[in-house]
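For the record, the sequence lines run as chains A, B, C and D.
Residue numbers for the first sequence follow the numbering used here, so the first one is 2 and each next one is one higher.
Residue numbers for the second sequence follow the numbering used here, so the first one is -19 and each next one is one higher.
Residue numbers for the third sequence follow the numbering used here, so the first one is 3 and each next one is one higher.
Residue numbers for the fourth sequence follow the numbering used here, so the first one is 195 and each next one is one higher.
Heads up, the beta-carbon is just placed ideally off N, CA and C, and yes, glycines get one too.
Predicted, not measured: the structure shown is a model, and the values here were computed from it.
These notes are about the structure you will find just below.
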Amino acid sequence: MSIQAKPLHSVGVRMKRKEDPRFIQGKGNYVDDLSFPGMLYLSLVRSTYPHAEIKSIDISEAMKVPGVKAVITGKDLEAAGLGWLPTFHGFDKQMVLAIGKVLFQYQEVAAVFAETRAAAVDGAEAVQVDYAPLPVVADPFTSKTDKVLLRPDRESKTNHIFHWEVGDKDGTARAMASSPKRIKQRLWFQRCHPAPLEPCGCVAYFDTMGRLQFHVTSQAPHVYRTALSLVTGIPEDKIHVISPDLGGGFGNKVPVYPGYVCAIVGALKIGRPVKWIETRTENLTSTGFARDYHMDVEIGATADGKVTALHVATTADHGAFDAAADPTKYPAGIFGIVTGSYAFPVAHAEVDAYFTNKAPGGIAYRCSFRVTEASYAIERGMDILADELGMDAVELRKKNFIPKDQFPYPSALGFTYDSGDYHKTLDVALETIGYSALLKEQAEKRARGELMGIGFSTFTEAVGAGPSKHFDILGIKMFDSAEIRIHPTGAGIVRTGAKSQGQGHETTWAQVVAEELGLDPQTIMVEEGDTDTAPYGLGTYASRSTPVAGAAIVMAARRIREKARKIAAHLLEVGEADVEWTDYKFQVKGVPSKTVTMKEVAFAAYTNMAQIEPGLEATYYYDPPNMTYPNGAYVSVVDVDRETGETKVRRFVAIDDCGVVINPMIVEGQVHGGLTEGFAMAFIQEIQYDAEGNNLNTNFTDYLVPTSLETPHWETGNTVTPSPHHPMGAKGVGESPNVGSPAAFVNAVIDALSPLGVRHIDMPLSRDKVWRAIRDAEAKKAKQA
Amino acid sequence: MNLQYTGEEKIPASLDKVWAFVTDPQKVGRCFPDVVDVAVQDATHFEAIVKVGVGPVRGKFKMKVELVPADSKRRIDMKMSGGGFGSTVDLTSGADIVDAGDGTTLLKWRGQAEARGPVAAVGGRVLDAQAEKLIAQAFGNVRQQLTA
Amino acid sequence: MKIHVTVNGVAYDRDVEPRTLLAYFLREECRLTGTHVGCDTSSCGCCVVVLDGTRAVKSCTMFAAQADGHEILTVEGLAEGGKLHALQQGFWDQHGLQCGYCTPGMLLTAYALLKHQPNPSEADIREGLSGNLCRCTGYLNIVKAVQQAAATLGQPAGATK
Amino acid sequence: MKQCSDIDGTVRNNPLLAVYNHIFSGSPLRRPRGSTRAALPRQEVGDVIPAAFDYLRAHTTDEALAHLQQHGAEARVLAGGQSLIPAMRFRLARPAVLVDINGVGELNYVRMSDGVLAVGAIARDSDIERAPWIGDRRWSLFYDVSRVVADPVVRQMGTVVGSLCHNDPSGDWTTVALASRATVVVRGKSGTRRVPIDEFLVDSFATAVGDGEMALGAEFPIPDDRTAGSYQKVERKVGDFATAAAAVQVSLNADGTIRSAGVALSAAGACAVRVDAAEQLLAGQKPSADLLRAASDAAWHRSAPQADLRGSVEFKKHLAGVLVARGLRQAFSRLGVQA
């Protein structure tokens, strides 16, 4: 038998992506690419009012539009027991189609099914809805007063959704009171939207066996199947969810949206396939938004800059329904990571969420459940503290970092950080950017009145939810799974409950299996997103693929290795105890000449297995013992134009530590993308509502995505501190750059403006806001002088 | 988006004549610029269809109008809601009617427009031009017709 | 109305509604689904195709009727004789894509760019691609991909791999 | 768990199950009933597909005009369509008839003749951007603007004349046309007329082109070799309309004094505006810092912008001043003069 000539080392290799050939040739398979005989198109009628009673819905004109087959309203769905849909938060539900009243602008009001896209739109246009406007609650602070009750359907007659808190309230208050230095700042992390370039959508039909075939843009297909079964009553075995290629997700494709339910109902009632593809406008105005946290950050410290206490009180705007896809026990997600990379002896964090007449959401936008908000809060807070102390931002951070010898480190808010070497990561960043030279340049520029800023973010996040004792969604524990089958020729297939949206699972998972089994990654196929074939998993978001599904793959591969050892022993004609796995093959202990490869074992598993059970496959469900805690040190250098308020990001260095890296090329790509989204939030991206509740950023002409021209040239690097509990020592990374970078940008701009006395500006740092801050600061200075 | 306009018309007619005019739905309706049709429902309610044409944006705007005369006969408020091209616009305008003494009457008006839907989001500037035109010309036409 | 459009060298004679946008004509009439639609406002460039060999156009902002009698090149037509176009190779080698949704538009915009600027600098490429949005890559590797393609295409015939 | 038991509740007696169990029994679809009240304005719809229209392709100017005169206000000219088609997708614009002039070969030109740069109605923005003469200093205003109109792909379809006819308050070409003193050639029933740009731009999205008429082209006087310009645009990102923009073009006399100046602003009013005061105070003077400051102030005073997501009124007014100063400074330095 042939021994593989090529080196078998797979993990850590910059392997080109196996999925790319289809994408670069236009052969990707996205939901809107699907077409079935007799397929109808669904178009939704949406509310023009943010808050109004529906006096009547007249569909008679719509039914006359050529090609229109049916129009469905909230009343029809209510009659079918489908008026409401449970949110993934679990403790709230949302209307599928408005019943009685609308609660946000662009809310789904009626569903029109027609033979063509155009006819569906014509039909939707012809539906006449008579609204009686109601008073609008456009922000959480107005909501707090309960003057207007938004959700009379709920038991508790208040707009207050929940109060959540963690930490030592009294201890924090005492420590704060006795701290010689204190800072307090209101920080608003504005409402954003993930806006993947492919909008959400689905095709639903019932096959000849009465099975629902549901092709949908989903980051969590299995959860969809269970949720759909619970909501519609269709037995789970009669639901087949297929999530094909996804054109990005970033958290936007985790929740179940009304359009999906309407498509299924239409397919069921009309008996034909129904396609619903969201437009960009619908995507930005009605599907899961992110952030919208107003955070009052308070930090106490000693005079020489040792932090003594942290208190964060947050007012959260959750929109019309509480659709934040958070784990059941964590209504504010993992916001408790707000102590960041610093050794706070005591801390207290609280979040109060309120309903408003805005789109529902609060999803984890490239973020491990509110970790982005938390990181921004602590990293901005530390800079404001440095400013207060007249201390260098780097010095302050280093002074308060959790020392590497204290890991695993129990944080003041109840997390156990697995590993990290924060000083080292920051030193690499300082080295790369040339900090001392920059400080010199900055001093010279300031002397000339020029505005140059250097900003840092040395964040730690918690990713890979999560241990079943803590984490579940709709009651389903947040494990993940893998199934591996090795074929007679040594090729194989791996399936997981995760779902790639561009992260390159088809490549990295093959690398992991190849590494563990000494096989060729080019012959390991990866399949995800099909609930008929993939083992049950919670899906891909919150950077959980590698920490959870990735671990499941390693464990399944190791199970295969144990089975293979028996066969190897049989082939080597020795006892199993005498066989060891070394250098990617089985070898008789102490006899390097006597080896068999996994390829040979695979063939034997089907052709020559003696008394051993035939076949070579394994399944593993992985319940992580803890989350992983990737960290990073980011440095940003900016020049601000006094006259126009324009900020140029001259350099940006990102040093990440995500433990063991499976494919450095892919990790770099993830970091580039995350930094770009962080850059967008820091400078141009926001979903705004005016006081009347009108959404002002309804498409890409006003919800701004940076182009190649605005986007800085990223410089990346990494340090490696393996996770002690992950079978490969890996941590999640997809979100780190998005979580860590906003503070680095804002800190840099504020540093540039600090000589003028500017202490804070809320994101996005538009030219207008920055110019205004400069002007006001100069006016103030002139007054004092 | 929320837009506000103000203006004043000096009308060579007595206060009573002006009052009679501005409280008559049929007459007021005819004062809208490019009005195509006025359908009076009762003494204080009517629907008016006006032609809208700014650059690429051309279509018919249907307005539901309510007149709210003050008992003082010194003020009339007008609530208009309606729209076209996929959007709704709520216009509210009020006019203080002041006897200038010299046999003329002043119409001191203030208008406010609020748009929802694509027009607000996509064509805000288009709408602004229209709303201002609608209100300003309406009062201008009141003067013209009372002058004629 | 009846139109005759040549797409990737293949003639399509179809009867379409005047309001049919070219993007939907390509996707639904020609079943060439590599051309994507990512926005309503001509902002994202996922739908870019090449018109008459040299002009990159956003096919969601052009009616199929306007393509009558013209030649369209879509991503499906880039590779020749089973050999990837240098741009496709560049995107693959340089990890110039992640979710792949913007990739066809990027490829065709770059294709037209290289027709007019065979040796673009990083600045030229960043400017030339600024009508196409990418949400995944941060553009850096896309720039590298186009640079690689320019170098490949710049080599004398036969020298390319 | 609470929420799950809720769902179980809906499961236990879910009427949909009945429907489901009989999906193949051909039970007729129940059509929801609705009242028949007086029609209100149409509601928000998701999809963005234009309303139906008739498409007419013109091969000659005469043919195009015939169509336009036949259909009047119901018809719109389709040139680049980069503003019209998005407006139609949102059904803001719903013309009954589109007259496509992209096939009118006689309107596809960019040529120098009789002292003017003549740009035909279907000449693309990119035809200017890539013109062989665009690098010449005298065309520096055009060089600048041709690289910041919309985005590089839109420019390959969008037209210069179309931008003038669209007359967006934040447009780029309208502003450049003012600074360079362009003329628009308009043809209608009564024949062809040449309309100075100041008269052509009537109001937001409104021009001197009437129903049944069309703009055949634009004419820009060819600047002499002691002329240079600059286009200064602040935008939130590529492809955005201007937050504020300034177009300047200055010609010097042999003695270094300013013979003439064109100064115009975008996003500073109902449509692009000329800063007459600045043009007057520049004429005859030698470039100097004080002169620039004065022109900048004039721009600030002239600017009457509208607040929007791009910026506040005061910010846009401020930018108008800053950008005019920067534009003049660059134009002068292109002429080798430091101001």
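- In this chain, the alpha helix (DSSP H) harbouring T426 of chain A covers 423 to 434.
- Partner residues in the beta bridge of L43 of chain A, as assigned by DSSP, are A:F114.
- When the alpha-carbon of W367 of chain D is set against those of D:G404, D:A258, D:R251, D:K427, the nearest one is in D:K427.
- Around the beta carbon of S460 of chain D, 16 or more other beta carbons lie within 10 angstroms, which makes this residue buried.
- Within chain C, no residue has its beta carbon less than 8 Å from that of N696 of chain A; the closest one is some 14 Å off.
- In this structure, DSSP gives C104 of chain C a state outside helix and strand, which the three-state scheme calls coil.
- Chain order gives no chain D residues near V32 of chain A, where near means a beta carbon separation below 9 Å; the closest approach is about 15 Å.
- For A350 of chain A, the closest of A:L311, A:P361, A:K254 by C-alpha to C-alpha distance is A:L311.
- No Cβ-Cβ contact shorter than 9 Å links P625 of chain A with H506 of chain A.
- When Cβ pairs closer than 8 Å are counted between the two stretches, the segment 279 to 292 of chain D is seen not to touch the segment 398 to 412 of chain D, the count staying below three.
- Closest in alpha carbon position to D147 of chain A, among A:P67, A:K307, A:T49, A:T357, is A:T357.
- For the segment 423 to 443 of chain D, residues whose beta-carbon sits nearer than 7 Å to a beta-carbon of chain C comprise V432, G433.
- The contact set of E156 of chain A on chain B, defined by CB atoms closer than 9 Å, is empty, because the minimum CB distance reaches about 32 Å.
- DSSP, read as helix, strand or coil, puts F414 of chain D in strand.
- A residue is called buried once 16 or more other Cβ atoms fall within 10 Å of its Cβ, and H6 of chain C, having fewer, is exposed.
- Taking the Cα positions, V662 of chain A is about 30 Å away from G27 of chain A.
- Within the model, the alpha-carbon separation for R332 of chain D versus S445 of chain D is close to 9 Å.
- Annotated three-state conformation of S57 of chain A is strand, per DSSP.
- In the DSSP assignment, K400 of chain A falls within the alpha helix (DSSP H) that extends over 394 to 401.
- Taken atom to atom, the span from the alpha-carbon of Q504 of chain A to that of G758 of chain A is near 43 Å.
- Residue-level contact check: Y14 of chain C does not touch chain A, since none of the beta carbons of chain A fall below 9 Å from its beta carbon.
- Think of a sphere of 9 Å around the beta carbon of H118 of chain C: no beta carbon from chain A falls inside it, the nearest being about 17 Å out.
- Residue-level contact check: E20 of chain A touches chain C, since one or more beta carbons of chain C fall below 9 Å from its beta carbon.
- Counting along the chain, the unbroken alpha helix (DSSP H) around D470 of chain D starts and ends at 470 to 476.
- At a Cβ-Cβ threshold of 9 Å, C48 of chain C and N143 of chain C do not count as neighbours.
- Excluding the 5 residues flanking it on each side, D76 of chain B has same chain C-beta neighbours closer than 6 Å at R55, K88, in chain order.
- Interface flag for G505 of chain D against chain A is set, since a Cβ pair is found closer than 9 Å.
- Taking the CA atoms as reference points, P87 of chain A sits about 29 Å from T547 of chain A.
- For I685 of chain A, the neighbours in chain D by C-beta distance under 8 Å run, in chain order, R430, K431.
- Selection C:A81, C:S123, C:K117 evaluated against R23 of chain A yields C:A81 as nearest (Cα-Cα).
- Here T421 of chain D is buried. Its C-beta has 16 or more other C-beta atoms within 10 Å.
- The C-alpha of G252 of chain A lies about 28 Å from the C-alpha of T74 of chain A.
- One Cα belongs to D393 of chain A, the other to E380 of chain A, and the distance between them is close to 14 Å.
- D531 of chain A places its beta carbon 9 Å or farther from that of I271 of chain A.
- Secondary-structure assignment with DSSP links K470 of chain A through no beta bridge to anything.
- DSSP places P141 of chain A inside the alpha helix (DSSP H), whose first and last residues are 141 to 145.
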